[in-house]
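Numbering (UniProt numbering), first residue to last: 1 to 117.
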């Protein structure tokens with residue numbers, strides 16, 4: 001398989017799904033997906049002007065549907081998802097920072113411990 005094609009299949013942000021495919025996979029109407037565009041989703045447009053969704057966007061739409069099904073207003077659901085996404089990114093960055101700084105670095109100017117023998 002062509003490496004570029006393989007990379008597209010592995011990319012969660014690659015806009016691979018049409019509106020019809022997206023509605024079928026997520027189990028929502030086209031109107032529902034369109035309503036998410038004002039607050040949550042920004043689908044890619046094909047050269048013909050058709051909406052294309054990524055796997056990441058489909059996960060967001062599925063989460064929005066779950067919140068709306070639980071009785072959350074769509075605007076509030078979108079805000080919740082945005083905040084959840086921001087929190088997840090902040091936690092990821094914090095973990096990365098913790099890993100990067102877990103190994104103490106010895107500065108050459110620091111005095112060496114004396115040998116006690």
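For each residue, glycine too, the CB sits at the ideal point set by N, CA and C.
Residue closest to residue 28, alpha-carbon to alpha-carbon, out of 49, 99, 68 = 68
7 Å Cβ shell around residue 57 - same chain, five flanking residues per side excluded = 41, 43
Integer-rounded CB distance, given that residue 72 should sit under 8 Å from residue 80 | 7 Å
Sub-8 Å separation of residue 17 and residue 65 beta-carbons | no
What does residue 17 pair with, by DSSP beta-bridge criteria?
-> 53
In whole angstroms, what separates the C-alpha of residue 90 from that of residue 45?
-> 29 Å
From what residue to what residue does the alpha helix (DSSP H) around residue 94 run?
-> 74-100
Keeping to the same chain, check which residues put their C-beta closer than 6 Å to that of residue 121; ignore five residues upstream and five downstream.
-> Since the displayed the chain opens at 1 and closes at 117, residue 121 lies outside it and no answer follows.
Can you name the residues that DSSP bridges to residue 167?
-> No information on residue 167 is available, as it lies outside the stretch 1 to 117 that the chain covers here.
Candidates 101, 96, 31, 61: which alpha carbon is nearest residue 25's?
-> 61
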